[in-house]
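Asks: The structure is given below, and queries will be raised subsequently.
There are 2 protein chains.
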Amino acid sequence: MTAMYRVVKADILDKITQGVWAPGSQMPNEMRLAETYDCARATVNRAMRELAEEGIIERRRKSGTRVRMNPVRQARFGIPLVRKEIEDQQAVYGYTLINSTIEPAPDWLRGRLGLAVGGLVRHVCCMHTADDMPFQLEDRWISLDALPDAETVDFSQSGPNEWLVTAVPFSNAEMSLLAVQADAKLATLLHCAKGDALFQTERSTWMDGQAITYVRLIFRGGHKMTTQY
Amino acid sequence: MTAMYRVVKADILDKITQGVWAPGSQMPNEMRLAETYDCARATVNRAMRELAEEGIIERRRKSGTRVRMNPVRQARFGIPLVRKEIEDQQAVYGYTLINSTIEPAPDWLRGRLGLAVGGLVRHVCCMHTADDMPFQLEDRWISLDALPDAETVDFSQSGPNEWLVTAVPFSNAEMSLLAVQADAKLATLLHCAKGDALFQTERSTWMDGQAITYVRLIFRGGHKMTTQY
DNA sequence: CAGTGGTCTAGACCACTGA
DNA sequence: CAGTGGTCTAGACCACTGT
Chain A
1 MTAMYRVVKA DILDKITQGV WAPGSQMPNE MRLAETYDCA RATVNRAMRE
51 LAEEGIIERR RKSGTRVRMN PVRQARFGIP LVRKEIEDQQ AVYGYTLINS
101 TIEPAPDWLR GRLGLAVGGL VRHVCCMHTA DDMPFQLEDR WISLDALPDA
151 ETVDFSQSGP NEWLVTAVPF SNAEMSLLAV QADAKLATLL HCAKGDALFQ
201 TERSTWMDGQ AITYVRLIFR GGHKMTTQY
Chain B
1001 MTAMYRVVKA DILDKITQGV WAPGSQMPNE MRLAETYDCA RATVNRAMRE
1051 LAEEGIIERR RKSGTRVRMN PVRQARFGIP LVRKEIEDQQ AVYGYTLINS
1101 TIEPAPDWLR GRLGLAVGGL VRHVCCMHTA DDMPFQLEDR WISLDALPDA
1151 ETVDFSQSGP NEWLVTAVPF SNAEMSLLAV QADAKLATLL HCAKGDALFQ
1201 TERSTWMDGQ AITYVRLIFR GGHKMTTQY
């Protein structure tokens, strides 16, 4: 009932953690392991492929498979829609539009996204609340070159986030996480003290190499982003 | 030369982004797609399986495969060793031990890690520098119940990080990212102003359900953690 | 019950790469 | 050149689950 490739994978991982196959050492090849576990090579292959993807082992043709010296540690973070994140906390989601303008892309934004000179962007600033308390401030710029429709969308009732996921369901992005200090304006908007440390994410998004949007999400004080791996 | 399953995967993704298969809609089953692409079902299966892992589609037996309504966005962050992170920036890595003690685990730590009452921990505080400038402050607690060897290891020349990766090569962890305000002590250690917003990570690590270590990493001002996805 | 994905197999050919 | 992993196939059985 437990899939064979899982058994093989678990046993290999076990041999590694128990030190039977030390970091840097060579492991048996697929054919030999298939004999050991009395299964097809494809089954061993799947187990090993997954371990390689997870950064535990390193595979090369001809030279074979080795246990990684410094296992590549990586963590996956889910990127939820704010609405969902808030509702998952059993809180009531709320939305307020603060500001919306059409303007030429400022230089710093053109640099980040690689926009053409004179390109127009829709700049939207809005607040997402949880139980009527500020939760996340969204400061977003959308390229009208890439998404002309964005010029006329109504963001007074729901955020650009929700519109974008339907308009541009799939894209590539670069995300940064950092800490910022609350200035007077942020302190007022997020109901915190001036100077408080706030968690911020920045994200630039492209589709087919064309810049779509840049967004800053600033969370209320004390926010943590958590994951397990 | 390009693997067939990659071609299939790319084409399916294309059909989704182009709207041929809209979010929420049903996709053809594996057999049908195998005929379409004139390949084996296993090949289609691999393409679809990867798309499912990436959160693009959703698969269920009997009811088939659908495009996800709200594609699960997720980002992977690599977790490098500090030394490597600094050297990758062409800077010279340096290490200084600030403090090291053996003490009973404080209550908050016992709570986080689920340690037994009276359990001893090794508490190490140290600084990682880049070109002799503070880069990352490491505040770490290691459970001596889990790792008795940690009591006598010499951390004056290299950090607990480097020792742990060899002593406990594989483990599970929970990581949080947040922003903290520099107090007087942090300001001195990290050469920043009191009140500055600093980026901090917290990580609890277990192996076979047994708590190993808890660590806080506080970065110098302006640090960003970046990834692409 | 029946349709769909999940897994496995035995065998094959190929691409890459170290010796 | 030869060994190893990468991929593919045709077919099979099975587990799950909607109807």
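Chains as they are written, first to last, in this note's numbering: chain A, 1 to 229; chain B, 1001 to 1229. All C-beta atoms in this analysis are idealised placements derived from N, C-alpha and C, irrespective of residue type, glycine included. Keep in mind the model is a prediction, meaning the values are calculated, not measured.
Run down chain B in chain order and give the residues with a C-beta less than 7 Å from the C-beta of E50/A.
Replies: Along the first sequence, read from residue 1 onward, the residue named residue 50/A stands at position 50. Chain B residues near E50/A: none, gap ~10 Å exceeds 7 Å.
Asks: Should T205/A and I212/A be called a contact, given that it needs their Cβ atoms to be closer than 8 Å?
Replies: Stepping through the first sequence from its first residue, residue 205/A is reached at position 205. Stepping through the first sequence from its first residue, residue 212/A is reached at position 212. Taking 8 Å as the Cβ cut-off, T205/A and I212/A qualify as a contacting pair.
Asks: Please list, in chain order, all residues of the same chain as Y1229/B whose beta carbon is under 8 Å from its beta carbon, the five residues on each side excluded.
Replies: The count along the second sequence starts at 1 and reaches residue 1229/B at position 229. Closer than 8 Å at the Cβ level, and outside the excluded window around Y1229/B, lie R1073, Q1074, A1075, R1076.
Asks: What number of angstroms, rounded off, separates the C-alpha of L217/A from the C-alpha of N99/A?
Replies: In the first sequence, residue 217/A corresponds to position 217, counting from 1. In the first sequence, residue 99/A corresponds to position 99, counting from 1. If you take the alpha carbons of L217/A and N99/A, they lie about 15 Å apart.
Asks: Where DSSP assigns a beta bridge to H1191/B, which residues make up the other side?
Replies: Position 191 of the second sequence, counting from 1, holds the residue named residue 1191/B. DSSP output for H1191/B lists no bridge partner at all.
Asks: Could you say which of P1028/B, A1182/B, D1038/B lies nearest to R1059/B if we only look at CA atoms?
Replies: On the second sequence, position 59 is the one that residue 1059/B refers to. The residue with the shortest Cα to Cα distance from R1059/B is P1028/B.
Asks: Alpha carbon to alpha carbon, what distance is there between G78/A and R32/A?
Replies: As a first step, residue 32/A is located in the first sequence; it is residue number 32 there, counting from the start. As a first step, residue 78/A is located in the first sequence; it is residue number 78 there, counting from the start. C-alpha separation (whole angstroms): 38 Å.
Asks: Tell me whether the stretch 104-116 of chain A and the stretch 175-194 of chain A touch, counting them as touching only if at least three CB pairs, one residue from each stretch, are closer than 8 Å.
Replies: no
Asks: Of all the alpha helix (DSSP H) runs that stay within the bounds of the stretch 36-80 of chain A, which reach a length of 4 or more residues?
Replies: 41-53
Asks: Do the CB positions of H1128/B and V1168/B come within less than 8 Å of each other?
Replies: As a first step, residue 1128/B must be located in the second sequence, where it is residue number 128. As a first step, residue 1168/B must be located in the second sequence, where it is residue number 168. Cβ atoms of H1128/B and V1168/B: not closer than 8 Å.
Asks: In chain order, what residues of the same chain lie with their CB nearer than 8 Å to the CB of D1011/B, ignoring the 5 residues before and after it?
Replies: To locate residue 1011/B, count along the second sequence from 1; it is residue 11. Excluding sequence neighbours, D1011/B sits near Y1037.
Asks: Please classify P106/A as buried or exposed, where buried requires at least 16 other C-beta atoms within 10 Å of its C-beta.
Replies: Within the first sequence, the letter at position 106 stands for residue 106/A. Exposed, because fewer than 16 other Cβ atoms sit within 10 Å of the Cβ of P106/A.
Asks: Among L1051/B, K1185/B, D1183/B, L1147/B, which has the Cα closest to the Cα of V1121/B?
Replies: The residue labelled residue 1121/B in the question sits at position 121 within the second sequence. L1147/B is the residue among L1051/B, K1185/B, D1183/B, L1147/B whose C-alpha sits nearest the C-alpha of V1121/B.
Asks: Would you verify that the beta carbon of L1189/B is, or is not, closer than 8 Å to some beta carbon of chain A?
Replies: Walking along the second sequence from the start, residue 1189/B turns up at place 189. Taking Cβ atoms only, chain A never reaches closer than 8 Å to L1189/B, which makes this a no.
Asks: Could you list which residues in chain A have their beta carbon closer than 8 Å to that of M1027/B, in chain order?
Replies: On the second sequence, residue 1027/B is found 27 positions in, with the first residue counted as 1. Residues of chain A passing the Cβ test: none, with the nearest at roughly 15 Å.
Asks: In chain B, what lies closer than 9 Å to H223/A by C-beta?
Replies: Residue 223/A sits at position 223 when you count from the first residue of the first sequence. The contacting residues are L1178, A1179.
Asks: Check whether chain B comes within 8 Å of D196/A, counting only Cβ atoms and requiring the distance to be less than that.
Replies: Numbered from 1 along the first sequence, position 196 holds the residue referred to as residue 196/A. Put simply, the CB of D196/A is near chain B, with a gap under 8 Å to one of its CB atoms.
Asks: Interface residues of chain B around M175/A at Cβ under 8 Å?
Replies: Position 175 of the first sequence, counted from the first residue, corresponds to residue 175/A. Per Cβ cutoff of 8 Å: A1075, T1226, T1227, Q1228, Y1229.
Asks: Report the rounded CA-to-CA distance for V1198/B versus E1035/B, giving the unit in angstroms.
Replies: For the purposes of this step, residue 1198/B is identified with residue 198 of the second sequence, where counting begins at 1. For the purposes of this step, residue 1035/B is identified with residue 35 of the second sequence, where counting begins at 1. Here residue 1198/B turns out to be Leu, not Val, going by the sequence shown. The alpha-carbon atoms of L1198/B and E1035/B are separated by roughly 56 Å.
Asks: Can you tell me the Cα-Cα spacing of N1045/B and T1188/B, whole angstroms?
Replies: Here residue 1045/B refers to the residue found at position 45 when the second sequence is read from its first residue. Here residue 1188/B refers to the residue found at position 188 when the second sequence is read from its first residue. One C-alpha to the other measures close to 57 Å.
Asks: How about S1156/B and L1097/B: are their beta carbons less than 8 Å apart?
Replies: For the purposes of this step, residue 1156/B is taken as residue 156 along the second sequence, with counting starting at 1. For the purposes of this step, residue 1097/B is taken as residue 97 along the second sequence, with counting starting at 1. Taking 8 Å as the Cβ cut-off, S1156/B and L1097/B qualify as a contacting pair.
Asks: Between the alpha carbons of D139/A and G1159/B, how many angstroms are there, rounded?
Replies: As a first step, residue 139/A must be located in the first sequence, where it is residue number 139. As a first step, residue 1159/B must be located in the second sequence, where it is residue number 159. Those two C-alpha atoms are separated by around 40 Å.
Asks: Could you tell me the distance, in whole angstroms, from the CA atom of K224/A to the CA atom of R1041/B?
Replies: As a working note, residue 224/A is residue 224 in the first sequence. As a working note, residue 1041/B is residue 41 in the second sequence. Taking the straight line from one Cα to the other gives about 43 Å.
Asks: Sort L177/A, G24/A, E162/A by Cα distance to S63/A and report the nearest one.
Replies: The residue labelled residue 63/A in the question sits at position 63 within the first sequence. It is G24/A whose Cα lies nearest to the Cα of S63/A.
Asks: If you run the structure through DSSP and keep just helix, strand and coil, what is W1108/B?
Replies: To locate residue 1108/B, count along the second sequence from 1; it is residue 108. Of the three classes helix, strand and coil, the one that applies to W1108/B here is helix, per DSSP.
Asks: Grab the span of the alpha helix (DSSP H) containing V1007/B for me, first residue to last.
Replies: As a working mapping, residue 1007/B is identified with position 7 in the second sequence. Unbroken alpha helix (DSSP H) run through V1007/B: 1004-1017.
Asks: Say the cut is 7 Å; is the CB of V180/A nearer than that to a heavy atom of the ligand ADP?
Replies: In the structure shown, the ligand ADP is absent, as is every other ligand, since no ligand is present at all.
Asks: Does V1215/B pass the burial test, meaning 16 or more other C-beta atoms within 10 Å, or should it be called exposed?
Replies: Within the second sequence, numbered from 1, the residue matching residue 1215/B stands at position 215. With 16 or more other Cβ atoms within 10 Å, it is buried.
Asks: Just to confirm before moving on: does the CB-CB distance between I1102/B and A1130/B stay below 8 Å?
Replies: Taking the second sequence and counting its residues from 1, one reaches residue 1102/B at position 102. Taking the second sequence and counting its residues from 1, one reaches residue 1130/B at position 130. In this structure, A1130/B does not lie closer than 8 Å to I1102/B by Cβ.
Asks: State the Cα-Cα distance for the pair Q1181/B and M1048/B, rounded to the nearest angstrom.
Replies: In the second sequence, the residue the question calls residue 1181/B occupies position 181. In the second sequence, the residue the question calls residue 1048/B occupies position 48. Each residue's alpha carbon lies about 46 Å from the other.
Asks: Quick one: does L1081/B have its CB under 8 Å from some CB of chain A?
Replies: The sequence position of residue 1081/B within the second sequence is 81, counting from 1. It does; some Cβ of chain A falls within 8 Å.
Asks: Answer with buried or exposed for N161/A, where buried requires no fewer than 16 other C-beta atoms within 10 angstroms of its C-beta.
Replies: Translated into the one-based positions of the first sequence, residue 161/A becomes position 161. Under this definition N161/A is a buried residue.
Asks: Give me the chain B residues within the contact set of G78/A, using Cβ-Cβ distance strictly less than 8 Å, ordered along the chain.
Replies: Position 78 of the first sequence holds residue 78/A. Result: V1072, R1073, Q1074.
Asks: Are any of the Cβ atoms in chain A nearer than 8 Å to that of F1135/B?
Replies: In the second sequence, residue 1135/B corresponds to position 135, counting from 1. By this cut-off, F1135/B is not an interface position.
Asks: Taking 8 Å as the threshold (beta carbon to beta carbon), is F1155/B in contact with chain A?
Replies: Numbered from its first residue, the second sequence carries residue 1155/B at position 155. No, because no Cβ of chain A sits closer than 8 Å to the Cβ of F1155/B.
Asks: Can you say whether Q18/A is buried or exposed, counting buried as having 16 or more other CB atoms within 10 angstroms of its CB?
Replies: The residue given as residue 18/A occupies position 18 in the first sequence. With fewer than 16 other Cβ atoms within 10 Å, it is exposed.
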